[in-house]
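Participant: Quick one: structure below, then a few questions.
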Amino acid sequence: MNLHASHSGLKSINDRYRKFINQHVNQGMSQTACDAVMGRRRITVTDSNQCKETNTFINAGTNEIKKVCNAAGRPYQNSRNLRVSNQPFPIVNCKEKGNHRYPRCEYQGRSATKYIIIGCEDGFPVHFDGFY
């Protein structure tokens, strides 16, 4: 029984990691690609066709980002699972312009280089919390 419980827990982390990659990782992302990428990846408010108000893409590879869960990051604000990167990452922040519904979402993109704050479970990034 225990083996089954830990296996389903791992599956849930794997699903959350895949969702994190889909929503927040895009090596080569540009600030003009928000509409296309948000649409192609079907990024909306969870379980709805509402356009997501804002979404941040980290312009780096998954292995680089995953390292923030270990030596390339440190605990953030005494949180159990939030980590902040030791080095800034290139990001693209996509902000919705207008009040539309998927698939007609329109976004304004902004590029920046920021420290990222992510939630990690068992060494995998599963939540994007923000940047500074």
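Going by the working numbering, the first residue of the sequence shown is number 52, and it counts up by one from there.
Even glycine gets a Cβ: it sits at the ideal position worked out from N, Cα and C.
Predicted, not measured: the structure shown is a model, and the values here were computed from it.
1) Sort out for me which residues DSSP pairs residue 152 with in a bridge.
2) From the DSSP output, read off the bridge partner residues of residue 158.
3) Would you mind working out which of 80, 63, 69 and 99 sits nearest residue 154, comparing C-alpha positions?
4) Check residue 119 in the structure and name its three-state DSSP category.
5) Between which two residues does the beta strand (DSSP E) holding residue 180 run?
6) Measure from the alpha carbon of residue 64 to the alpha carbon of each residue in 148, 131, 79 and 174, then state which is nearest.
7) Where does residue 130 land, buried or exposed, given buried means 16+ other C-beta within 10 angstroms?
8) Who are the near neighbours of residue 111 in its chain, counting only those whose CB is closer than 8 angstroms to its CB and skipping five residues on each side?
Facilitator: Reading from the atomic positions:
1) Paired residues: 101.
2) Note: residue 158 sits in a beta bridge opposite 147.
3) 99
4) helix
5) 175 to 182
6) 174
7) Exposed is the call here.
8) 76, 78, 140 and 141
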